[in-house]
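Engineer: One structure follows; several queries about it will come next.
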Amino acid sequence: MKSYIKKYAKYIDYPLLFTYLALTIFGLIMIYSSSMAWSVNYYNDSPDRFYIQQLINLAIAYPVFLMAAIFPYKHFKKKWMMATVLGVIFTGLILVHFIGFAAGGARSWISLGFVNIQPSEVAKVGIIFYLAGVFSNKYRNGSINKLNESIFPPVIILTGVLLLVFLEPDLGSMVIIGAVGLSVMAASGVRLKPFIKLAGMVVAAAAVFIVPMMLFARDLIFTEKRMGRIDAFFNPFSDELGFGFQIVNGYLAIGSGGLGGLGLGQSIQKLGYLPEPHTDFIMSVIAEELGVFGVCFVIGGLGFIVLRGLWIAMTTTDPLARMLAAGVASMIGIQSFVNLGGLSGIIPLTGVTLPFISYGGTSVILLSLAMGVLLNVSMFNKYEKTKK
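In my numbering, the protein residues as written are 232 to 619.
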């Protein structure tokens, strides 16, 4: 291991590393600013409650990032690794239905006493590792385009993961996991014809599944909260004290910030007008306090990571590295779009956090794990180019 670290350390992707560190530190500062009033008013606790907790989360996340950055990514194509990843994913997603507790309307959390874990967050990252491993092996043995042998088995596993997340129900995470799975498959080297056939079969299977759900489980799909979010998406001002409350006050925060913002810590909307402003709507507080400059800093940092990941995926010659980089980049990009699209009214709200910025232990730790793997892939890619 020492020789491995020494060999690749000089190829560290410093722009990627510093962007990750800058976003997490900036997120920590904004969590403190956005959660002070919420902590005092709703938890009757000290203003730094969520700041201290996120500091602890980062104290775990940074070593996880470091270990992932030095752990050879090629182990992800080994059978024992893929089996371990799947075991962790399905164990968590099954247990959450029996011993999990609800938060935000979905039974999506498991308490381990000293920490709460969200299995769907584990699934987001784990499905990248599994699909990249299995498809890279199929690519190397030349069977990547065989539907029955190479494509159907991992797709069935992905469908099982999506179904378990849907039953929580956590539609936001389900959409992200499904989109990330398709992104990894698109980067796997599968030819267009088998991919189109698979897409047609998926649409047909979805129709077969959705029609009975519409007939016999309407209450599970069209809950009052979910329908309220859809109504708020089309016209939030029609119910600005009800389902439109959060998005309307998010608009007010964004509009109040202007170019330079009101100043760090000076947000008005975080004083009770934005429910849990340190999670899903933290960007509204950033816009109010730091204006366009703060928003551009966050979007620019996230955009750089996504584009850097896609560039690594396009320039590497290793199929496994290509799929890992594409998967991590697409996950961060898609989740950022879902969060920012929800608070800006482009898409309905889904309760998805903003990567590296929003409060959340499971989220920042798993994202750090994914970023560590991306940095590892980048180091190997730079090493291969230098050697050639």
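Cβ atoms here follow ideal geometry from the backbone N, Cα and C, with glycine treated the same way. Quick caveat, the model's predicted, so the values are computed rather than measured.
#1: Where does phenylalanine 332 sit, in a helix, a strand or coil, going by DSSP?
#2: Taking arginine 539 as part of the alpha helix (DSSP H), name the residues at either end of that continuous run.
#3: Using the Cβ count rule (16 or more neighbours within 10 Å means buried), how would you classify arginine 422?
#4: Considering only residues of the segment 288 to 358, which uninterrupted beta strand (DSSP E) runs meet the minimum length of 3 residues and lie entirely inside it, listed in chain order?
#5: Considering only residues of the same chain and omitting the five flanking positions on each side of proline 500, which have a CB-CB separation below 8 Å?
#6: Taking the straight line between their C-alpha atoms, what separation do you get for serine 414 and glycine 558?
#7: Based on Cα-Cα distance, which residue from Arg539, Leu571, Ile578 and Ala292 lies nearest to isoleucine 461?
#8: Using CA coordinates, which residue listed in Ile588, Val608 and Leu389 is at the minimum distance from phenylalanine 281?
#9: Taking the beta carbon of aspartate 401 as the centre, do at least 16 other beta carbons fall within 10 Å, making it buried, or is it exposed?
#10: State the CB to CB distance for the pair leucine 429 and leucine 378, rounded to an integer number of angstroms; the pair is presumed to be in contact (CB under 8 Å).
#11: Would you kindly work out how many angstroms separate the C-alpha atoms of phenylalanine 667 and valine 526, rounded to a whole number?
#12: Taking one C-beta from the segment 585 to 604 and one from the segment 250 to 264 each time, how about it: are there three or more such pairs within less than 8 Å?
#13: How would you label lysine 424, buried or exposed, when you count the other beta carbons within 10 angstroms and need 16 or more for buried?
#14: Give me the Cα-Cα distance between isoleucine 600 and alanine 299, rounded to the nearest whole angstrom.
#15: Reducing DSSP to helix, strand and coil, say where valine 421 ends up.
#16: Alpha carbon to alpha carbon, what distance is there between isoleucine 283 and methionine 602?
#17: Tell me whether proline 550 sits in a helix, a strand or coil according to DSSP, three-state version.
#18: Quick check on the DSSP output: what are the complete alpha helix (DSSP H) runs of length 4 or more inside the segment 372 to 420, in order along the chain?
#19: Straight-line CA distance for leucine 571 to glycine 522?
#20: Rounded to a whole number of angstroms, what is the C-alpha to C-alpha distance between valine 396 and leucine 324?
#21: Taking isoleucine 407 and isoleucine 260 to be in contact with their CB atoms under 8 Å, please state how far apart those CB atoms are, rounded to whole angstroms.
#22: May I have the straight-line CA-CA distance separating threonine 581 from serine 266, to the nearest angstrom?
#23: Pop quiz: glycine 534 and alanine 556 are said to be a contact at Cβ under 8 Å. What is the actual Cβ separation, rounded to whole angstroms?
#24: Is the beta carbon of alanine 292 less than 9 Å from the beta carbon of valine 604?
#25: Give the DSSP-derived three-state secondary structure of glutamate 615 in the structure shown.
#26: With burial defined as no fewer than 16 other Cβ atoms inside 10 Å of the residue's Cβ, what is the status of methionine 386: buried or exposed?
#27: State the CB to CB distance for the pair methionine 358 and valine 392, rounded to an integer number of angstroms; the pair is presumed to be in contact (CB under 8 Å).
#28: Would you give the residue range spanned by the alpha helix (DSSP H) that phenylalanine 257 belongs to?
#29: Sorted by chain position, which residues of the same chain lie with C-beta nearer than 6 Å to tyrosine 504's C-beta, five sequence neighbours on each side aside?
#30: How big is the Cα-Cα spacing for methionine 545 and alanine 333?
#31: In whole angstroms, what is the alpha-carbon distance linking tyrosine 263 and phenylalanine 611?
#32: Under 9 Å, do leucine 597 and valine 353 count as touching if we go by C-beta distance?
#33: Is glutamine 284 helix, strand or coil by DSSP?
Structural biologist: Quick look at the numbers:
#1: Looking up residue 332 in the sequence shown gives position 101. Looking at phenylalanine 332 - three-state DSSP - the assignment turns out to be strand.
#2: As a first step, residue 539 is located in the sequence shown; it is residue number 308 there, counting from the start. 513 to 546 is the extent of the alpha helix (DSSP H) around arginine 539.
#3: Taking the first residue of the sequence shown as position 1, residue 422 is located at position 191. Counting Cβ neighbours within 10 Å, arginine 422 comes out exposed, since fewer than 16 surround it.
#4: 332 to 334 and 337 to 342
#5: Along the sequence shown, one-based indexing puts residue 500 at 269. Residue 500 is actually glutamine in this sequence, not proline. These residues qualify, in order along the chain: Asn480, Gly481, Leu483, Ala484, Ser487, Pro508, Ser515, Val516 and Glu519.
#6: As a position in the sequence shown, residue 414 is number 183, starting the count at 1. As a position in the sequence shown, residue 558 is number 327, starting the count at 1. Distance between the alpha carbons of serine 414 and glycine 558: 6 Å.
#7: The residue you call residue 461 lines up with position 230 of the sequence shown. When each option's Cα is compared against that of isoleucine 461, the closest is Ile578.
#8: Numbered from its first residue, the sequence shown carries residue 281 at position 50. Here the closest residue by C-alpha is Ile588.
#9: Here residue 401 corresponds to residue number 170 of the sequence shown, with the count starting at 1. Result: buried.
#10: Sequence index remark: in the sequence shown, residue 429 carries index 198 (1-based). Sequence index remark: in the sequence shown, residue 378 carries index 147 (1-based). That belief holds up - the Cβ atoms of leucine 429 and leucine 378 are roughly 7 Å apart, short of 8 Å.
#11: The structure shown does not extend to residue 667, since the chain is modelled only from 232 to 619, so the question has no answer here.
#12: yes
#13: The sequence position of residue 424 within the sequence shown is 193, counting from 1. So lysine 424 ends up on the exposed side.
#14: If you number the sequence shown from 1, residue 600 lands on position 369. If you number the sequence shown from 1, residue 299 lands on position 68. Position check: residue 600 holds leucine in this sequence, whereas isoleucine was assumed. So the alpha carbons of these two residues sit roughly 6 Å apart.
#15: For this step, residue 421 is matched to residue 190 along the sequence shown. The answer is coil: DSSP assigns valine 421 none of H, G, I, E or B.
#16: Numbered from its first residue, the sequence shown carries residue 602 at position 371. Numbered from its first residue, the sequence shown carries residue 283 at position 52. In a straight line, the C-alpha of methionine 602 is about 23 Å away from that of isoleucine 283.
#17: Indexing the sequence shown from 1 puts residue 550 at position 319. Correct three-state label for proline 550: helix.
#18: 383 to 397 and 402 to 417
#19: Stepping through the sequence shown from its first residue, residue 571 is reached at position 340. Stepping through the sequence shown from its first residue, residue 522 is reached at position 291. The alpha-carbon atoms of leucine 571 and glycine 522 are separated by roughly 15 Å.
#20: Numbered from its first residue, the sequence shown carries residue 396 at position 165. Numbered from its first residue, the sequence shown carries residue 324 at position 93. Approximately 7 Å, taken between the alpha carbons.
#21: To locate residue 407, count along the sequence shown from 1; it is residue 176. To locate residue 260, count along the sequence shown from 1; it is residue 29. The Cβ separation is near 26 Å, so there is no contact.
#22: Translated into positions along the sequence shown, residue 581 becomes position 350. Translated into positions along the sequence shown, residue 266 becomes position 35. Going by the C-alpha atoms only, they are around 20 Å apart.
#23: Walking along the sequence shown from the start, residue 534 turns up at place 303. Walking along the sequence shown from the start, residue 556 turns up at place 325. Their Cβ separation, rounded to whole angstroms, is 16 Å, which puts glycine 534 and alanine 556 out of contact at 8 Å.
#24: As a first step, residue 292 must be located in the sequence shown, where it is residue number 61. As a first step, residue 604 must be located in the sequence shown, where it is residue number 373. Contact flag unset, no.
#25: Within the sequence shown, numbered from 1, the residue matching residue 615 stands at position 384. DSSP places glutamate 615 in helix when its eight states are reduced to three.
#26: For the purposes of this step, residue 386 is taken as residue 155 along the sequence shown, with counting starting at 1. Rather than methionine, the amino acid found at residue 386 in this sequence is valine. Its Cβ being crowded by 16 or more others within 10 Å, valine 386 is buried.
#27: As a first step, residue 358 is located in the sequence shown; it is residue number 127 there, counting from the start. As a first step, residue 392 is located in the sequence shown; it is residue number 161 there, counting from the start. One point to set straight first is that residue 358 is isoleucine, not methionine, in the sequence displayed. At roughly 6 Å, the Cβ-Cβ gap stays under 8 Å, so isoleucine 358 and valine 392 are in contact.
#28: Numbered from 1 along the sequence shown, position 26 holds the residue referred to as residue 257. Here the alpha helix (DSSP H) through phenylalanine 257 covers 245 to 274.
#29: Within the sequence shown, numbered from 1, the residue matching residue 504 stands at position 273. Asn480, listed in sequence order.
#30: In the sequence shown, residue 545 corresponds to position 314, counting from 1. In the sequence shown, residue 333 corresponds to position 102, counting from 1. When rounded, the distance between both Cα atoms is 40 Å.
#31: One-based indexing of the sequence shown puts residue 263 at position 32. One-based indexing of the sequence shown puts residue 611 at position 380. For tyrosine 263 and phenylalanine 611, the distance between alpha carbons rounds to 37 Å.
#32: Here residue 597 refers to the residue found at position 366 of the sequence shown. Here residue 353 refers to the residue found at position 122 of the sequence shown. In this structure, valine 353 lies closer than 9 Å to leucine 597 by Cβ.
#33: Within the sequence shown, numbered from 1, the residue matching residue 284 stands at position 53. Helix.
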